[in-house]
Amino acid sequence: MIHFKKVLGIVASKRRLGNSEVLLKEIMDHVPDPCSKELIRLPDCRIDPCNGCYRCLQPGQGCPIKDDFSFIIDKIREADAVIIGVPVYFFGPHASLKLLIDRLLGVQRFVDDTRGKPCLVVIPYGIEQWQGYAQTAALVLPRVMEMKLIDCWTLQAALPGACFDKPEQLERARELGRTLFQAKECEKRVRECPTCGSDLFRIHDDGNLACPLCGTIRAHVSGESAPIDGPRESRLSSMALHDHFRCRLVSMIEEYQRERVRLKRVQSDYAGKTWWVAPSEGKVDQRDEQNDMR
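The numbering used here puts the first residue of the sequence shown at 414, with every later residue one more than the last.
So, in structure tokens, the structure goes:
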């Protein structure tokens, strides 16, 4: 019996046939058969904001929000490989991807289905030096899902369809498709965090660098082409992620239950300050004042 590999493409862009979509389709078109392919356009899905109730962290509980989040996660779990295409909007990735990432507090419930799964992230942007924090932000999903990151490809393509103006970019897309299931974890480039691939760093008072994504501390680096290197303690390791989602966040729920009466007294002082405004056809949802960690 032939086993068909399943490839899922996630397009985090509202633009039809924009660069994110075209890039994903070219890559997926060159994944060797036998292979089944599916595409999800995130902005066409209903992904409500996380309400911070923490129910997804509790045994036997799932997310109580009734939207398309579970559909998307189920598709990711079923796939043998995931390709994400997300454009840069105002220095960061399209907001639809952030909405999805914000709902991943319960990721440990299904990480066994995503750990080690090949993942490719493609990030087209318009103007050089305006990529902002998009690469680091887009890496959050594959990293907390513990996927095998094949590549995080950022490329300049300002106009719809301009992603293949350079022949080498077309060939790279095809090669990424051809090698999707054979490729190893991508090698980190110069000036990227060697642990997670983030291209951003915070400068500590002692001159050392800290990766804002994985938390790795780097020795001070000087020189134009010097690689970022140093210890590799990471909060994105399987053990650290398990500790964060299964232990630390769960302990916060327990702490809230102990402190709930006192904290409710603090909140009550602000309950009557109802200065909300909304569009005339809308109605302000004030349920946040009633939201509990149950």
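For glycine and all other residues, C-beta sits at the position ideal for the given N, C-alpha and C.
Going by beta carbons, L562 and S611 fall outside the 8 Å limit.
By the Cβ criterion, the stretch 483 to 495 is not in contact with the stretch 539 to 546, since fewer than three pairs of Cβ atoms, one from each stretch, lie closer than 8 Å.
In the DSSP assignment, G498 falls outside any alpha helix (DSSP H) and lies within the beta strand (DSSP E) extending over 494 to 498. Nearest neighbour of C609 by Cα position, chosen from C466, Q471, I630, turns out to be I630.
Residue pairing for T567: DSSP places it in a beta bridge opposite I536. K601 sits buried, since 16 or more C-beta atoms from the chains shown fall within 10 Å of its C-beta. Assigned with DSSP and collapsed to three states, S449 falls in strand.
Note on geometry: alpha-carbon atoms of M441 and V420 lie some 7 Å from one another. Per DSSP, reduced to three states, the secondary structure at A596 is coil, with no helix or strand assignment. Between H657 and R648, the C-beta spacing is below 8 Å. Nearest to L572 by C-alpha distance, out of L430, F417, V424, is L430. Burial state of D578 is exposed, judged by a 10 Å Cβ sphere holding fewer than 16 other Cβ atoms. Per DSSP, the beta-bridge partners of A623 are R615, I630.
Inter-segment contact for the stretch 513 to 533 and the stretch 587 to 601 is present: three or more beta-carbon pairs are separated by less than 8 Å. Excluding five sequence positions before and after F614, the CB atoms of its chain that fall closer than 8 Å to its own CB belong to C606, L622, A623, C624, P625, R631, I641, given in chain order. Taking the Cα of R428 as reference, the smallest distance to any Cα among L455, E451, F417 is reached at L455. For R556, the CB contacts under 8 Å within the same chain, skipping 5 residues up- and downstream, are L562, C609, L626, C627, L649 in chain order. For I453, the closest of Q670, Y538, E559, I496 by C-alpha to C-alpha distance is I496. In the three-state DSSP reduction, Y669 falls in the helix class (H, G or I).
Between the stretch 660 to 670 and the stretch 466 to 475 there are three or more inter-stretch CB-CB distances shorter than 8 Å, so the stretches are counted as touching. Partner residues in the beta bridge of P531, as assigned by DSSP, are K561. DSSP places L421 within a strand segment (E or B) once states are collapsed to three. If the five residues before and after G505 are omitted, its C-beta is found closer than 6 Å to the C-beta atoms of G545, Y546, A547, A550, all from its own chain and listed in chain order.
Distance between Q474 and R522, taken at the CA atoms: about 10 Å. In the DSSP secondary-structure assignment, G505 is bridged to Y502.
The beta carbons of P500 and P537 sit about 5 Å from each other, so the pair counts as a contact at 8 Å. Across the set M558, K479, D457, the C-alpha of M558 shows the shortest separation from the C-alpha of I514.
DSSP lists V424 as the bridge partner or partners of R454.
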